Amino acid sequence: MAKKSPYIEPSLVKKIVKAKASGSRDPIRTWSRRSTIHPEMVGLTFEVHNGRRFDKVYVSESMVGHKLGEFALTRRFGGHKKKKDAE
Numbered sequence: 003m004a005k006k007s008p009y010i011e012p013s014l015v016k017k018i019v020k021a022k023a024s025g026s027r028d029p030i031r032t033w034s035r036r037s038t039i040h041p042e043m044v045g046l047t048f049e050v051h052n053g054r055r056f057d058k059v060y061v062s063e064s065m066v067g068h069k070l071g072e073f074a075l076t077r078r079f080g081g082h083k084k085k086k087d088a089e
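Here the sequence shown is numbered in our numbering, starting from 3 and rising by one per residue.
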């Protein structure tokens with residue numbers, strides 16, 4: 003059985019090729035959290051939508067194979083409730 007190839011949004015591929023060709027250091031804005039990080043993306047900065055705003059994600063070598071959405075958190079942890087001292 004053949005392994006599935008990683009999914010990358012076609013519009014995102016166009017933006018990556020354009021950024022690489024121009025040598026632009028500007029972040030690439032995307033809503034595609036489901037796109038897999040490919041070795042071509044290493045060294046680029048992305049602005050990944052987290053549902054409310056865009057989080058900057060700098061892609062490093064160790065991120066290859068993961069999804070962009072893994073690095074733009076959608077939930078904020080408010081902390082656990084503090085216990086009151088017994089009086």
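Backbone N, C-alpha and C fix where the C-beta goes; we use that ideal spot for every residue, glycine too.
As the structure is a computational prediction, the values presented were derived from the model and not from experiment.
When the cut-off is 8 Å and only beta carbons count, does Ser-62 lie next to chain C? In the displayed structure, chain C is absent; only one protein chain is listed.
Just to confirm, is the Cβ distance from Ser-26 to Val-44 under 8 Å? Residue mapping note: residue 26 aligns to position 24 of the sequence shown, counting from 1. Residue mapping note: residue 44 aligns to position 42 of the sequence shown, counting from 1. No, they are not a contact pair.
Which residue wins for smallest C-alpha separation from Glu-11, given the options Ala-23, Arg-77, Lys-85, Ile-30? For this step, residue 11 is matched to residue 9 along the sequence shown. Ranking the options by Cα distance to Glu-11, first place goes to Ile-30.
Given Pro-8 as reference, the closest of Leu-70, Trp-33, Lys-22, Ala-23 once Cα atoms are compared: Your numbering for residue 8 matches position 6 in the sequence shown. For the residues Leu-70, Trp-33, Lys-22, Ala-23, the minimum Cα distance to Pro-8 belongs to Leu-70.
Give me the residue from Ala-4, His-68, Met-3, Asn-52 with the minimum Cα distance to His-40. Position 38 of the sequence shown, counted from the first residue, corresponds to residue 40. Comparing Cα positions, the closest option is His-68.
Looking only at DSSP bridge pairs, what is Lys-20 linked to? Within the sequence shown, the letter at position 18 stands for residue 20. For Lys-20, which the question treats as bridged, DSSP gives no partner whatsoever.
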